[in-house]
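Worksheet: one structure, shown below.
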Amino acid sequence: MSNALAVTDASFKQDVLDSPIPVLVDFWAPWCGPCRMVAPVVDEIAQQYIGQLKVVKLNTDENPAIAGQYGIRSIPTLMIFKGGQKVDMVVGAVPKHTLASTLEKYIDPPKSSQ
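Heads up: the sequence shown begins at 126 in this note's numbering, then just goes up one per residue.
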């Protein structure tokens, strides 16, 4: 079971742009082999950063408007949004540590319980 929420052209603004925490958007398609390779990494990231990062997936075949708006030319493309703005992106299937180190720049550290 994926920890990532599926978003659409219609829900993108609410789920991504209006999010109070940073959002990782996985632009993918069912026929894309590298997308299937990176999917478990995206799910692990979603689990690792619960409460600090929202992770969503956007099927580019079913939602071409948003993919076109952000100039998605190859998939998988992982785009990071913070405060309603695109702040970074990673193109292609990358190792978890590469994605995590990119995300760390935009994620607030967890609140201390003291």
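Glycine included, every Cβ here is placed at the ideal spot set by N, Cα and C. Here the structure is a predicted model, which means the values were calculated and not measured.
For ASP213, the enclosing beta strand (DSSP E) starts and ends at 210-216. PHE152 and PRO234 have their C-alpha atoms roughly 26 Å apart. Just measuring C-alpha positions, the residue of HIS222, TYR231, LYS230, ILE232 sitting nearest VAL163 is HIS222.
Collapsing the DSSP output to three states places THR185 in coil. In this chain, the beta strand (DSSP E) harbouring THR202 covers 202-207. With a beta-carbon spacing of about 20 Å, ALA154 and ILE205 fall beyond the 8 Å limit used to define contacts. For ASP151, the enclosing beta strand (DSSP E) has its first and last residue at 148-153. GLY217 and LEU183 have their C-alpha atoms spaced approximately 15 Å apart. Less than 8 Å divides the Cβ of ASP213 from the Cβ of TYR231.
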